[in-house]
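Sequential numbering of the sequence shown, starting at 1, is according to full-length UniProt numbering.
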Amino acid sequence: MDNDEPLEPETKDESDSVSAPQSSNETLYCEAEAPVVVEKEKPAQESSETDLEIEDTEKFFTTGQKELYLEACKLVGVVPVSYFIRNMEEPYVNLNHHGLGPKGTKAIAIALVSNTTVLTLELADNCIMKEGILSLVEMLQENYYLQEMNVSDNDLGLEGARILSEFLQNNTSSLLSLQLAGNNFKEESAELFCQALSNNYRIKSLDLSHNQFCHKAGEYLGQMLAINVGLQSLDLSWNHLYIRGVVALCNGLRSNVSLKKLDLSMNSFGNEGAAALGEVLRLNSYLTYLDLSSNNITNDGLSKISRALELNESLKVLKLFLNPISMDGALLLILSIKRNPKSRMEDIDISNVLVSEQFVKILDGVCAIHPQLDVIYKSVQALSAKKTLFTGTNPVKLIQSYADQNKISVLDFFRSLNPSGETMMPVGEFRKAMIRVGGCLVAAGTGCACVHVCVTETRTSISQSFPLGCEKPADPPPLSRPRGTAKPPSITP
Numbered sequence: 001m002d003n004d005e006p007l008e009p010e011t012k013d014e015s016d017s018v019s020a021p022q023s024s025n026e027t028l029y030c031e032a033e034a035p036v037v038v039e040k041e042k043p044a045q046e047s048s049e050t051d052l053e054i055e056d057t058e059k060f061f062t063t064g065q066k067e068l069y070l071e072a073c074k075l076v077g078v079v080p081v082s083y084f085i086r087n088m089e090e091p092y093v094n095l096n097h098h099g100l101g102p103k104g105t106k107a108i109a110i111a112l113v114s115n116t117t118v119l120t121l122e123l124a125d126n127c128i129m130k131e132g133i134l135s136l137v138e139m140l141q142e143n144y145y146l147q148e149m150n151v152s153d154n155d156l157g158l159e160g161a162r163i164l165s166e167f168l169q170n171n172t173s174s175l176l177s178l179q180l181a182g183n184n185f186k187e188e189s190a191e192l193f194c195q196a197l198s199n200n201y202r203i204k205s206l207d208l209s210h211n212q213f214c215h216k217a218g219e220y221l222g223q224m225l226a227i228n229v230g231l232q233s234l235d236l237s238w239n240h241l242y243i244r245g246v247v248a249l250c251n252g253l254r255s256n257v258s259l260k261k262l263d264l265s266m267n268s269f270g271n272e273g274a275a276a277l278g279e280v281l282r283l284n285s286y287l288t289y290l291d292l293s294s295n296n297i298t299n300d301g302l303s304k305i306s307r308a309l310e311l312n313e314s315l316k317v318l319k320l321f322l323n324p325i326s327m328d329g330a331l332l333l334i335l336s337i338k339r340n341p342k343s344r345m346e347d348i349d350i351s352n353v354l355v356s357e358q359f360v361k362i363l364d365g366v367c368a369i370h371p372q373l374d375v376i377y378k379s380v381q382a383l384s385a386k387k388t389l390f391t392g393t394n395p396v397k398l399i400q401s402y403a404d405q406n407k408i409s410v411l412d413f414f415r416s417l418n419p420s421g422e423t424m425m426p427v428g429e430f431r432k433a434m435i436r437v438g439g440c441l442v443a444a445g446t447g448c449a450c451v452h453v454c455v456t457e458t459r460t461s462i463s464q465s466f467p468l469g470c471e472k473p474a475d476p477p478p479l480s481r482p483r484g485t486a487k488p489p490s491i492t493p
């Protein structure tokens with residue numbers, strides 16, 4: 001009897017539970033509840049991965065990053081990149097020329113979703129295509145630490161441009177610098193980018209060089225620059241803007257208040273384009289760097305730019321390398337700087353122009369007024385042996401030879417140049433000090449705003465526009481940075 005009594009309420013409860021709620025909601029709930037318990041007990045690895053993504057402990061977090069990348073590689077079916085595993089905790093990751101493809105890029109993107117250390121990512125020449133750029137865009141919507149990304153030479157085309165423009169229109173990431181060189185972008189792509197950048201003020205630096213932009217793209221870019229207040233650096237070198245494109249670009253550039261650096265080299269816009277840029281320099285007080293190298297600008301076009309420089313108070317660097325300019329045109333250029341007491345010009349590159357001794361004397365007079373000025377020219381005609389320019393000689397060996405002849409140390413030599421003890425000084429002052437102290441030593445063709453000197457017990461190094469460090473002096477910079485090459489990490493202000 002006692003055994004039967006407890007059985008009755010159990011059967012009643014079961015029958016009640018079945019008959020009362022005829023909608024069978026409780027039955028479904030009970031049936032769904034049991035598998036959940038089984039799933040929680042079974043895959044211990046999945047729950048641990050989720051914990052790793054949320055955990056704040058740095059060591060535990062970085063361990064999870066590596067495991068996450070390895071799992072992502074298994075998921076998409078690619079071999080993990082050992083370089084990325086070793087450097088995924090560094091602020092700068094260079095994966096250029098690694099042959100990642102769309103799948104390898106997706107695995108990288110998955111690993112970077114929760115990464116907080118990588119600030120600069122180089123992915124040039126990896127054939128990532130539209131699938132790869134889509135993975136990167138999805139990653140950027142979650143990652144708020146990545147600031148610079150290079151996806152040059154990946155043949156993204158119109159579809160890739162459409163994906164990127166949609167991202168840029170609604171950009172909430174921390175991305176400040178984007179390199180898109182050599183991606184076969186044409187007029188339609190330019191229109192998409194300009195529509196996006198008209199409303200996007202986060203991107204500070206944009207590289208669109210080595211594409212196929214023509215005059216229509218110049219119109220779109222000009223319209224964008226007229227209203228954009230965020231972009232500070234724009235590289236349009238090695239395109240096909242020609243006269244119409246550059247003139248249209250200048251129409252918008254006149255009213256721009258943010259762009260500081262503009263590279264228009266290798267666009268073949270000639271004297272008409274130079275005249276339009278001269279008008280920009282008369283009105284624009286924000287541009288500090290302008291590269292017009294190899295654009296078929298003659299003395300006529302240079303005269304328009306020179307007249308504008310008599311009034312301009314912002315431009316610091318002007319590149320005119322590989323233009324058919326004579327010494328007369330170069331003379332007009334430096335005299336325009338002389339006539340402008342408020343000129344801030346620091347670097348003029350006319351390194352293919354052969355000048356005379358008279359030009360050098362006039363330049364010395366201009367440098368007396370503007371000691372920060374450095375003009376790079378090819379060589380001097382009929383220069384006497386006493387004033388030979390050592391442009392092809394290692395400056396460190398030259399200085400060491402002078403120090404040996406005068407029986408002083410290299411360190412004492414540099415101290416005599418700059419008694420204040422500072423390791424950095426303007427090029428103009430450095431040149432004058434070299435001439436004053438060394439006699440025949442002429443610091444010509446330095447091509448930078450400042451010279452940095454480092455002297456140790458075993459070696460001496462002179463670097464230009466680089467942070468002070470005891471390193472081998474860099475070779476003269478090429479016309480433009482080769483596409484797909486790495487650059488040092490930097491955070492755009």
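Backbone N, C-alpha and C define an ideal beta-carbon position, used for all residues, glycine too.
Please name the residue in the options whose C-alpha comes closest to that of residue i.
{"i": "A330", "options": "N115, I297, P341", "result": "I297"}
{"i": "L100", "options": "V118, C73, E187", "result": "C73"}
{"i": "L311", "options": "Y289, M327, F321, E279", "result": "E279"}
{"i": "D300", "options": "S314, N271, V375, K407", "result": "N271"}
{"i": "V76", "options": "V353, L123, S135", "result": "S135"}
{"i": "N183", "options": "N154, R307, A107", "result": "N154"}
{"i": "R202", "options": "Q212, L277, N170", "result": "N170"}
{"i": "H97", "options": "N126, S82, S189", "result": "N126"}
{"i": "A181", "options": "A276, D263, L119, N228", "result": "D263"}
{"i": "A107", "options": "L168, H210, E71", "result": "E71"}
{"i": "L290", "options": "G104, R244, D347", "result": "D347"}
{"i": "N199", "options": "L236, K261, S314, I227", "result": "I227"}
{"i": "G313", "options": "K319, I362, L287", "result": "The sequence given here has Glu at residue 313, not Gly. The shortest Cα separation from E313 among K319, I362, L287 belongs to L287."}
{"i": "S189", "options": "N251, L175, G157", "result": "G157"}
{"i": "V229", "options": "G252, V246, R244", "result": "G252"}
{"i": "S165", "options": "L175, L363, E191", "result": "E191"}
Kindly list the residues whose CB is nearer than 7 Å to the CB of residue i, restricted to its own chain and excluding five residues on each side of it in sequence; keep chain order.
{"i": "N143", "result": "L112, V113, N115, S173"}
{"i": "L28", "result": "Caution applies to L28, whose pLDDT of 36 falls short of 50 and renders its modelled position unreliable; the value that the coordinates give is listed next. Cβ neighbours of L28 beyond the five flanking positions: none."}
{"i": "D328", "result": "N299"}
Take residue i and list the residues in its own chain whose beta-carbon comes closer than 8 Å to its own, dropping the five residues that flank it on each side.
{"i": "A34", "result": "Low per-residue confidence applies at A34: pLDDT is 40, beneath 50, and the placement is therefore not dependable, though the value from the model is reported in the following sentence. So no residue of the chain qualifies."}
{"i": "V81", "result": "L95, H98, L100, G104, I108"}
{"i": "S356", "result": "M327, V380, Q381, A382"}
{"i": "S152", "result": "A124, D125, Q179, L180, A181, G182, N183, D207, H210, R483, G484"}
Leaving out five residues before and five after residue i in sequence, what residues of the same chain have Cβ atoms less than 6 Å from its Cβ?
{"i": "L309", "result": "S336"}
{"i": "K216", "result": "E187"}
{"i": "L322", "result": "S293, S294, N352"}
{"i": "S306", "result": "L332, L333, S336"}
{"i": "L249", "result": "G218, L221, G222"}
{"i": "A275", "result": "K304"}
If you draw a straight line from the alpha carbon of residue i to that of residue j, how long is it in whole angstroms?
{"i": "L231", "j": "S258", "result": "6 Å"}
{"i": "S351", "j": "N295", "result": "15 Å"}
{"i": "R86", "j": "L121", "result": "14 Å"}
{"i": "V118", "j": "M149", "result": "10 Å"}
{"i": "L241", "j": "G273", "result": "10 Å"}
{"i": "V366", "j": "L225", "result": "34 Å"}
{"i": "A403", "j": "L221", "result": "54 Å"}
{"i": "L68", "j": "E89", "result": "13 Å"}
{"i": "R339", "j": "S265", "result": "27 Å"}
{"i": "K361", "j": "Y92", "result": "46 Å"}
{"i": "residue 551", "j": "M139", "result": "Absent from the model: residue 551. The displayed extent of the chain is 1 to 493, so no value can be given."}
{"i": "Q195", "j": "Q223", "result": "9 Å"}
{"i": "S237", "j": "S268", "result": "10 Å"}
{"i": "L206", "j": "F213", "result": "15 Å"}
{"i": "I376", "j": "Q141", "result": "45 Å"}
{"i": "K260", "j": "L175", "result": "19 Å"}
{"i": "P102", "j": "V247", "result": "39 Å"}
{"i": "N284", "j": "K407", "result": "52 Å"}
{"i": "K59", "j": "F84", "result": "The predicted model places K59 with a pLDDT of 42, which falls under 50 and marks its position as unreliable; any figure quoted below should be read in that light. Whole-angstrom Cα-Cα distance: 18 Å."}
In the DSSP assignment, find the unbroken alpha helix (DSSP H) run with residue i in it and report its ends.
{"i": "E313", "result": "It is not in any alpha helix (DSSP H) - E313 carries neither H nor E in the DSSP assignment."}
{"i": "Y83", "result": "82-87"}
{"i": "D263", "result": "Per DSSP, D263 belongs to no alpha helix (DSSP H); it is in the beta strand (DSSP E), 261-263."}
{"i": "S189", "result": "187-197"}
{"i": "E166", "result": "157-169"}
{"i": "K106", "result": "101-112"}
Is it the case that the CB of residue i approaches a heavy atom of the ligand MN more closely than 6 Å?
{"i": "L75", "result": "Among the components modelled here there is no ligand, and therefore nothing to report on the ligand MN."}
Following the continuous beta strand (DSSP E) through residue i, name the residue where it begins and the one where it ends.
{"i": "K338", "result": "No beta strand (DSSP E) holds K338; the alpha helix (DSSP H) holding it covers 327-338."}
{"i": "Y242", "result": "Per DSSP, Y242 belongs to no beta strand (DSSP E); it is in the alpha helix (DSSP H), 242-253."}
{"i": "T120", "result": "120-122"}
{"i": "K361", "result": "Here K361 belongs to no beta strand (DSSP E); instead the alpha helix (DSSP H) covers 357-369."}
Indicate whether at least one CB of chain B lies closer than 7 Å to the CB of residue i.
{"i": "E89", "result": "The chain inventory of the structure shown lacks chain B, comprising one protein chain alone."}
Are at least three pairs of beta-carbons, each pair with one atom in the segment 394-408 and one in the segment 368-381, less than 8 Å apart? no
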